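One structure is given below, encoded as structure tokens.
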Amino acid sequence: MPLPKVLILNQPFNTNTGGGITLSNLFAKWDGDRLAVACSGYLLTEDMDPMLCNTYYQLGSEERKWIFPLNVFSRNYYSGSIKITESVENKNKVVVRKSKLREKLVMNYVLPFLEYIGFDYFKAKSKLSYQFCKWLDDFDPDVLYMQASSRESILFCTEIIKYKRRPMIFHMMDDWPALIGVRGLLSKFWERKINKEFQFLIEQATLRMSISDYMAQAYYERYGQKFVTFHNPIDLEFWKRSQRDSCELNLSPVVMYAGRIGLGIDESLKTIAEALEMVNVELGTSVKFVIQAQESPTWVKNFKNVEHRCFVAYEELPKIFAQADILLLPYDFSKESLSYIKYSMPTKAPEYMASGTPILVFAPLDTALVQYAKEYKWAALVTENKVTTLAKCFKELLLHQSVREKITQTAKKIAENRHEVNQVTRNFQQAILKVAANKMKAEVQ
1 MPLPKVLILN
11 QPFNTNTGGG
21 ITLSNLFAKW
31 DGDRLAVACS
41 GYLLTEDMDP
51 MLCNTYYQLG
61 SEERKWIFPL
71 NVFSRNYYSG
81 SIKITESVEN
91 KNKVVVRKSK
101 LREKLVMNYV
111 LPFLEYIGFD
121 YFKAKSKLSY
131 QFCKWLDDFD
141 PDVLYMQASS
151 RESILFCTEI
161 IKYKRRPMIF
171 HMMDDWPALI
181 GVRGLLSKFW
191 ERKINKEFQF
201 LIEQATLRMS
211 ISDYMAQAYY
221 ERYGQKFVTF
231 HNPIDLEFWK
241 RSQRDSCELN
251 LSPVVMYAGR
261 IGLGIDESLK
271 TIAEALEMVN
281 VELGTSVKFV
291 IQAQESPTWV
301 KNFKNVEHRC
311 FVAYEELPKI
321 FAQADILLLP
331 YDFSKESLSY
341 IKYSMPTKAP
351 EYMASGTPIL
361 VFAPLDTALV
371 QYAKEYKWAA
381 LVTENKVTTL
391 AKCFKELLLH
401 QSVREKITQT
411 AKKIAENRHE
421 VNQVTRNFQQ
431 AILKVAANKM
441 KAEVQ
């Protein structure tokens with residue numbers, strides 16, 4: 001019996017974002033011809049994997065309309081079907097190299113201004129176009145798998161559910177609704193309105209998924225709905241190819257952070273740099289702090305021991321992680337950052353576990369990440385936002401090989417017992433099959 005056909009909304013398969021990696025691993029055992037993705041053009045990149053899914057619909061200018069005067073400056077995206085393997089034809093359809101200047105202007109100035117005046121939540125609207133509906137009908141999914149990270153995507157998901165009445169799975173990746181009502185004019189109005197719209201959407205779901213157990217607990221209390229946890233699984237064979245087999249330090253030890261910078265991360269990275277600077281002075285060492293990110297934080301130039309490196313291909317990560325002496329999972333301690341990251345779980349957490357390199361978590365106590373590390377002891381923990389406290393933990397890790405070995409041994413066991421791809425994808429597949437069975441029952445009746 002073939003697997004159900006699944007329409008995935010708002011997240012492409014790729015290897016350069018946490019969401020794309022998680023999606024790729026969860027659907028790793030699915031038949032590619034039974035999957036289709038519909039998402040906005042700005043989400044499509046050259047890193048998409050056609051082996052997992054080759055059937056895409058780019059939600060472009062026919063589906064997404066901006067309010068005046070933003071419509072004058074908005075990029076016109078192609079609307080329609082895309083096959084990832086048809087790279088020549090896609091040159092005029094997919095904008096893989098976005099303007100960095102445009103992105104900075106929009107993210108740093110336009111969107112904050114719209115948020116302040118209360119216009120952010122209706123700056124653009126997505127609607128069902130004739131050609132998208134036809135594409136949807138032609139694919140005819142058995143199950144809808146949806147993610148949403150804005151009011152616009154909530155409303156668009158709701159429109160699709162109304163049009164294509166199929167069992168729906170909703171998967172929540174981070175607690176972005178917690179940021180609604182934090183800033184700007186009319187903030188409380190939008191908080192009430194969007195929470196009501198979000199509540200309606202998740203009530204339509206046959207199955208609700210969360211990214212962490214902590215989120216599942218909180219969302220049950222907040223929305224009165226049960227969520228099951230599905231996080232990023234890992235291919236242990238892939239990670240074992242370059243897995244570190246010794247906790248002996250390099251001559252010049254390397255502490256590494258790999259991932260995004262910005263909201264929820266940047267301030268803690270700077271604190272880490274200050275702590276390692278203190279460690280080098282006190283111990284007479286030359287520990288290097290490597291930040292592997294798309295762009296370098298502006299403050300890096302102020303530290304001699306901090307080095308920025310660009311992202312590498314996903315296939316190189318096991319080797320890169322194994323070459324480091326300590327891997328970092330940091331979160332910021334500000335109230336706004338905590339609201340955003342409290343229930344999130346970094347995609348790279350299980351990847352770090354499998355690398356064989358000791359992990360240090362530097363984050364607020366009341367986060368899913370810390371609660372998970374605290375319960376299963378797969379990382380050293382610092383939950384106090386103080387340079388001296390962090391420096392003390394670094395010194396303990398650097399001076400005691402037995403501490404490093406205990407962490408890595410535990411982490412590798414957790415990766416194998418809780419994040420192994422075959423086990424997780426089997427459970428994920430069974431969950432979707434159960435949802436799809438509701439469609440078949442309805443058709444029989």
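Take 1 as the starting number for the sequence shown in full-length UniProt numbering and just add one per residue.
Beta carbons: idealized from backbone N, C-alpha and C, even for Gly.
In this text, all values refer to a predicted model and were calculated from it rather than measured experimentally.
Three-state secondary structure (DSSP) of residue i
{"i": "GLN401", "result": "helix"}
{"i": "THR229", "result": "strand"}
{"i": "ALA218", "result": "helix"}
{"i": "PRO4", "result": "coil"}
{"i": "ILE84", "result": "coil"}
{"i": "LEU185", "result": "coil"}
{"i": "LEU276", "result": "helix"}
{"i": "GLN204", "result": "coil"}
{"i": "GLN243", "result": "coil"}
{"i": "ILE234", "result": "strand"}
{"i": "LEU59", "result": "strand"}
{"i": "MET51", "result": "coil"}
{"i": "ASP137", "result": "helix"}
{"i": "ASP266", "result": "helix"}
{"i": "MET353", "result": "helix"}
{"i": "SER344", "result": "coil"}
{"i": "ILE432", "result": "helix"}
{"i": "PRO177", "result": "helix"}
{"i": "GLU282", "result": "helix"}
{"i": "LEU249", "result": "coil"}
{"i": "GLU295", "result": "coil"}
{"i": "ASN76", "result": "coil"}
{"i": "ILE261", "result": "coil"}
{"i": "residue 472", "result": "Nothing in the structure corresponds to residue 472, since the chain is present only between 1 and 445."}
Residues of its chain near residue i, where Cβ-Cβ distance is below 8 Å and the 5 sequence neighbours each way are ignored
{"i": "PRO346", "result": "GLY18, GLY259, LEU329 and LEU369"}
{"i": "LYS441", "result": "A caution first: LYS441 carries a pLDDT of 48, below 50, which makes its placement in the model too unreliable to give a value."}
{"i": "TYR163", "result": "LEU128, CYS133 and LEU136"}
{"i": "THR410", "result": "TYR376, LYS377 and TRP378"}
{"i": "ALA178", "result": "SER339, TYR340 and LYS342"}
{"i": "ASP266", "result": "PRO297 and ASP332"}
{"i": "LEU155", "result": "LYS125, SER126 and GLU197"}
Beta-carbon proximity of residue i to residue j, cut-off 9 Å
{"i": "LEU44", "j": "PRO12", "result": "yes"}
{"i": "MET173", "j": "GLN147", "result": "yes"}
{"i": "ASP325", "j": "LEU398", "result": "yes"}
{"i": "LYS226", "j": "ARG244", "result": "no"}
{"i": "ILE84", "j": "PRO50", "result": "yes"}
{"i": "ASN10", "j": "ILE21", "result": "no"}
{"i": "PHE230", "j": "ALA436", "result": "no"}
{"i": "HIS308", "j": "VAL281", "result": "no"}
{"i": "GLU86", "j": "TRP239", "result": "no"}
{"i": "residue 446", "j": "ILE261", "result": "Missing from the structure shown is residue 446; the chain here goes from 1 to 445 and no further."}
{"i": "PHE311", "j": "GLN323", "result": "no"}
{"i": "LYS288", "j": "PRO233", "result": "no"}
{"i": "LYS123", "j": "TRP66", "result": "yes"}
{"i": "ALA28", "j": "VAL421", "result": "yes"}
{"i": "SER24", "j": "LEU52", "result": "yes"}
{"i": "ASN302", "j": "SER286", "result": "no"}
{"i": "TYR372", "j": "SER212", "result": "yes"}
{"i": "VAL6", "j": "VAL228", "result": "no"}
{"i": "LEU263", "j": "GLN401", "result": "no"}
{"i": "LEU26", "j": "VAL403", "result": "no"}
Cβ-based neighbour list, residue i, same chain, cut-off 6 Å, excluding 5 preceding and 5 following
{"i": "LYS319", "result": "SER242"}
{"i": "PRO364", "result": "PHE333 and LEU338"}
{"i": "SER81", "result": "TYR57 and TRP135"}
{"i": "TYR376", "result": "ILE414"}
{"i": "LYS196", "result": "none"}
{"i": "VAL300", "result": "VAL306 and HIS308"}
{"i": "ASN76", "result": "SER61"}
Cβ shell of residue i (< 7 Å), same chain only, five flanking positions each side left out
{"i": "PHE362", "result": "SER268, ILE272, LEU328, PRO330, VAL382 and LEU390"}
{"i": "CYS157", "result": "LEU9, MET146, ALA148 and LEU201"}
{"i": "ASN438", "result": "PRO167 and THR206"}
{"i": "LYS125", "result": "LYS65 and GLU152"}
{"i": "LYS395", "result": "VAL279 and LEU283"}
Strand pairing of residue i, partner residues [DSSP]
{"i": "LEU144", "result": "LEU7 and MET168"}
{"i": "GLU307", "result": "VAL290"}
{"i": "TRP66", "result": "ALA124"}
{"i": "VAL254", "result": "LYS288"}
{"i": "SER420", "result": "The amino acid at residue 420 is misidentified as Ser; the sequence shows Glu. Paired residues: ILE234."}
{"i": "SER210", "result": "THR229"}
Cβ-heavy atom distance, residue i to the ligand NAD, below 8 Å
{"i": "GLN11", "result": "This structure lacks the ligand NAD; in fact it carries no ligand of any kind."}
query: Going along the chain, which unbroken runs of the beta strand (DSSP E) with 3 or more residues stay wholly within the segment 6-46?
result: 6-9 and 35-40
- prompt: What residue ranges within the segment 313-337 form continuous alpha helix (DSSP H) runs of no fewer than 4 residues, ordered along the chain?
  reply: 317-323
- prompt: What residue ranges within the segment 355-407 form continuous beta strand (DSSP E) runs of no fewer than 3 residues, ordered along the chain?
  reply: 359-362 and 380-382
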